[in-house]
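Structure first, then comments.
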Amino acid sequence: MQLELSVVGPVFFSPDDEETFFSWLRRIEVISQIRGQHRLLHMEFKHTPSAEEVISLLVLFRRWQLDLSALEPFRNEDNGHHILWQRSVAEAVRK
120 MQLELSVVGP VFFSPDDEET FFSWLRRIEV ISQIRGQHRL LHMEFKHTPS
170 AEEVISLLVL FRRWQLDLSA LEPFRNEDNG HHILWQRSVA EAVRK
């Protein structure tokens, strides 16, 4: 079974912003392929992401304001405690 995720991608404000986003995404080892089509971002996974990999995706999604509902299938008792499931980065920092 091929694990995939599709989400409306972020808005980039500079070439460096875009490079930082994709560089971070490429460092998440469970991701085997990244494709973009217009504003839609498609990711394929080698296997079900570990709790640590889900949290890395969660942080990335929050920082670039992507729709977290795409990550819900990977939310479980091992990663569901993370504050960024409930709060934005700005809210989490103020807490």
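Numbers given in the working numbering equal positions in the sequence shown, counted from 1, plus 119. Positions of the beta carbon are idealized from the N, C-alpha and C atoms, including for glycine.
- From the listed residues ILE202, HIS157 and PHE140, the smallest Cα separation to PHE132 is found for PHE140.
- When the Cα atoms are used, ILE150 and HIS200 turn out to be separated by approximately 23 Å.
- Proximity to LEU159 across LEU190, ARG194, VAL127 and ILE147 peaks at VAL127, based on C-alpha coordinates.
- Of the candidates GLU191, ARG181, GLU196 and PHE193, ARG181 places its Cα closest to the Cα of ALA211.
- When DSSP states are grouped into helix, strand and coil, PHE164 belongs to the strand group.
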